[in-house]
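J.: Residue 490 in the numbering used here sits at position 189 of the sequence shown, and the numbers go up by one each step.
Backbone N, C-alpha and C fix where the C-beta goes; we use that ideal spot for every residue, glycine too.
Small disclaimer: the values here were computed from a predicted structure and weren't measured.
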Amino acid sequence: MSTFVLVPGFWLGAWAWKDVVDDLRASGHVAYPLSLTGLADRAHLLSPELTLDDHINDIVNLITFEDLHDVILVAHSGSGGTVTAAAGRVPERVARVVYVDSGPVPDGMAQIDLVGRETVEAALVDGYRFPFVALESHPGAAGLTQEARDLMAARATDQPLGPINQPIFLTGAVDKLPKTLVSCMFSTAQIKDLMSQGHPYFAAVTGPEWQIRELPTSHWPMFSRPADLSALLQAP
Numbered sequence: 302m303s304t305f306v307l308v309p310g311f312w313l314g315a316w317a318w319k320d321v322v323d324d325l326r327a328s329g330h331v332a333y334p335l336s337l338t339g340l341a342d343r344a345h346l347l348s349p350e351l352t353l354d355d356h357i358n359d360i361v362n363l364i365t366f367e368d369l370h371d372v373i374l375v376a377h378s379g380s381g382g383t384v385t386a387a388a389g390r391v392p393e394r395v396a397r398v399v400y401v402d403s404g405p406v407p408d409g410m411a412q413i414d415l416v417g418r419e420t421v422e423a424a425l426v427d428g429y430r431f432p433f434v435a436l437e438s439h440p441g442a443a444g445l446t447q448e449a450r451d452l453m454a455a456r457a458t459d460q461p462l463g464p465i466n467q468p469i470f471l472t473g474a475v476d477k478l479p480k481t482l483v484s485c486m487f488s489t490a491q492i493k494d495l496m497s498q499g500h501p502y503f504a505a506v507t508g509p510e511w512q513i514r515e516l517p518t519s520h521w522p523m524f525s526r527p528a529d530l531s532a533l534l535q536a537p
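(1) In or out: P461 buried (at least 16 other Cβ within 10 Å) or exposed?
(2) Using the rule of at least 16 other Cβ atoms within 10 Å of the residue's Cβ for burial, across every protein chain shown, is V426 buried or exposed?
(3) What residues in its chain sit with their C-beta under 6 Å from that of F433, if we drop five residues either side in the sequence?
(4) Between the stretch 403-420 and the stretch 442-453, do at least 3 Cβ pairs fall closer than 8 Å?
(5) Can you find the residues in the same chain that come closer than 8 Å, C-beta to C-beta, to G330, ignoring five residues on each side of it along the sequence?
(6) Taking the straight line between their C-alpha atoms, what separation do you get for K319 and R418?
(7) Among P537, T481, P464, which one has its Cα closest to the Cα of G581?
(8) Just mark D459 as buried or exposed, buried being the case when its beta carbon has 16 or more other beta carbons within 10 Å.
(9) Over the uninterrupted alpha helix (DSSP H) stretch that includes F305, give me the two end residues.
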């Protein structure tokens, strides 16, 4: 039996992991899907004062207050940097970090710089809320059913700017933890090419502590291939 903590990417909450969590629990595992402050069921806490530390503490506090150990900590998409920083604060409680179409943000860089600062700032509402994207024009939407698209559009909430605009500073404590990259939009060959080019998301995906696994599907595999994603999360 393993213990999973699952952190969603931009605009989503714990609800997004439902099918994956149901599958993990049916297989006998313990699973904690998490909504970060200001999002989903915690959208009432959205404010311009939110910081990266708030989101890091969401993860760290869940792990420590539930007294979790040997955690498989799962990051989707834009939560990669936050999850990396959180794992670095409690490395003794983390067995593995899994990046689902995601990656560790380089030390000193903000998540917004990987997404595209100009793109985010142009879309901001009230100066601090980043609205959900139009899936029709998103390259990662291929593979999503209309039902999944409708669900995401109905439940997605604005992404707070503060946490993604703050540089992430790492201690190195997470460096030697086992890590898995589950790649949905890129093949292993494409990832290795990006690694060789020094792409910020993939430059660090080197060394014996890393595994790369392909899951060809949409950028949101928890909707398009939840059972297969669950199986990959459970794989050694």
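T.: This is what the structure gives:
(1) buried
(2) exposed
(3) W312, A457
(4) no
(5) Correcting the residue identity first, residue 330 is His in this sequence and not Gly. Taken in chain order, the residues that qualify are M302, S303, T304, F305, Q535.
(6) 31 Å
(7) The chain is shown from 302 up to 537; residue 581 falls before or after that span and cannot be answered.
(8) Around the beta carbon of D459, a 10 Å sphere encloses 16 or more other beta carbons of the protein chains shown; the residue is thus reported as buried.
(9) Here F305 belongs to no alpha helix (DSSP H); instead the beta strand (DSSP E) covers 304-308.
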